[in-house]
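For reference, each letter of the sequence shown is one residue, going -19 to -1, 1 to 344 in mature numbering (1 follows the signal peptide of the UniProt record, and there is no 0).
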Amino acid sequence: MKKTLIAALIAGIPAVAAADVTIYGAIKGGVESIDTAGQRATNIEDVGSRIGFKGAEDLGNGLKAIWQVETGVAIDNSANSGNWASRQSFVGVTSDFGTLRLGNISNFGDSDLGNVDPYEYNSDALGLGIYTRGNTRVKNAVRYDSPEYAGFKAAFLYGTEEDKSINTNFNPVDPTTIKNKDRETYNLGLGYNYGPMFAKYAYTYRTKYNAPVDAPAEKGTQHQLEVGYEANNLFVAAGYRLSKGDYDQTFANSFVDLSDLNAATLNTKLGKFESSEYALTATYSIGNFMPKVSFVQGTDVKVDGSKLSDSGYQQFVVGTDYALSKRTVLSAQYGHIKLDDNLAKAFGDDKIDAFGAYVVHKF
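(1) Whole beta strand (DSSP E) runs in the region 61 to 125 with 3 or more residues, listed along the chain?
(2) Would residue 347 pass as a contact of Leu206 if the rule is Cβ separation under 8 Å?
(3) For Asn323, which option in Ala55, Val237, Ala7 has the closest C-alpha, if you only look at C-alpha atoms?
(4) According to the Cβ coordinates, are Asn88 and Leu138 closer than 8 Å?
(5) Decide yes or no for the touch test of the region 78 to 88 against the region 308 to 322: beta carbon pairs closer than 8 Å, at least 3 of them.
(6) Whole angstroms is fine: what's the gap from Asp16's alpha carbon to Tyr175's?
(7) Give a yes or no on whether the C-beta atoms belonging to Lys9 and Glu101 are separated by under 8 Å.
(8) Between the Cα of Asp331 and the Cα atoms of Phe133, Ala245, Gly6, Arg114, which residue gives the shortest distance?
(9) Taking the alpha-carbon positions, what's the Gly201 to Thr309 distance?
(10) Could you compute how far the alpha carbon of Asp285 sits from the alpha carbon of Lys225?
(11) Roughly how far, in whole angstroms, is the beta-carbon of Gln296 from the beta-carbon of Val277, given that I think they are within contact range, below 8 Å?
(12) Do Val50 and Gly33 count as a contact pair if the criterion is CB distance below 8 Å?
(13) Can you check which of these residues, Thr166, Ala22, Gln230, is closest to Arg124 by C-alpha distance?
(14) Specify the secondary structure class of Leu215 as computed by DSSP and reduced to three states.
(15) Enumerated in chain order, which unbroken segments of the alpha helix (DSSP H) with a length of 4 residues or greater are wholly contained in the region 273 to 308?
(16) Less than 7 Å between C-beta atoms, sequence neighbours within five positions excluded: which residues of the same chain meet that for Ala135?
(17) Return the chain-ordered list of same chain residues with a C-beta closer than 7 Å to the C-beta of Ile318, the five sequence neighbours on each side being excluded.
(18) Please report the distance separating the alpha-carbon of Asp291 from that of Ala327.
(19) Among residues of its own chain, excluding the 5 on either side of Ser30, which ones have a beta-carbon nearer than 8 Å to its beta-carbon?
(20) Checking 8 Å against the spacing of the C-beta atoms, do Ala180 and Asn168 come in under that value?
(21) Could you tell me which of Asn103, Leu94, Tyr173 sits nearest to Ala131, measuring between CA atoms?
(22) What are the boundary residues of the alpha helix (DSSP H) that includes Ser257?
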């Protein structure tokens, strides 16, 4: 039996080689020290290690079949390694008319609007993870990307709602308890490049949760805009995002539960939430060094058009990369988040301070 299996594996090697498979990935790890409410925690963290396999087949007449399987791995604790194909994984076709893929696919924010967040990190205090929330992969999705024409490009993604069951554990005081149920996702992306300048826009619409009758489920919408300049070692990007829908669409959900925020602001009503944020990032390459700095401003959260007073936040991150080679980079950064009074009251502190140091190797 063993000989038969070995023979079969050997026989399959030429076929695999002929399929033109590329193995790629990155090992990313570091140390993070986070100070919240006077308590400091220092941890060894994995910050996005992954391994992937991808390939293509020429089908003739300018048409190619493409595929990719990418899996997250955790170097800080092997027991927490990701499931197979847990990251962007797909099968599709590409030609002069564009690219069509289906699988677990990045939305336009994840694939094209990440320039404003150039950091490696696990804690959101050390990067722009709060600002870029929702920029992620969509399971059970199909995405079309147009070819680029005169600097313009477009993309559209649709994600299906496969789990239509109702969450019977719904808590009317905290509507985020229904967030484990699927929504349909529609995502449109537009991009334009003109020399060193670029502009990108993403719109995401998510249908209501399939929730109990008394659940205040709302559709979710998100607008994101990013503009920037990159030339002569200088990179500058500015971003804006507007999020509407359930409470979990807002940045405040990254810090506190709705019930805690209601207690702090003396506002107990549930309704349509809205939050706005602005971001600015700059980097400059000097030899092997690349200093970088970012600022974020989140304005007061709104409920049914009325502001929840003192519910915003401010953040800055400053750090630098040092390239040991084209594939190996050391980095370090300091991050600080300042919460407005009522958000701080709900959170239990008015600030978060963090420091991180990392090493990244790509292959």
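By construction, the Cβ of each residue, glycine as well, lies at the ideal position given by its N, Cα and C atoms.
A quick note: this is a predicted structure, and the numbers were derived from the prediction, not measured.
This is what the structure holds:
(1) 70 to 76, 79 to 87
(2) Nothing in the structure corresponds to residue 347, since the chain is present only between -19 and 344.
(3) Val237
(4) yes
(5) no
(6) 43 Å
(7) yes
(8) Ala245
(9) 39 Å
(10) 10 Å
(11) 4 Å
(12) yes
(13) Thr166
(14) strand
(15) none
(16) Ser127, Gly170, Leu171
(17) Ala106, Tyr294, Gln296, Lys332, Ile333
(18) 11 Å
(19) Gly6, Ala7, Ile8, Lys9, Gly10, Gly53, Val54, Ala55, Ile56
(20) no
(21) Tyr173
(22) Run containing Ser257: none in the alpha helix (DSSP H); it sits in the beta strand (DSSP E), 254 to 265.
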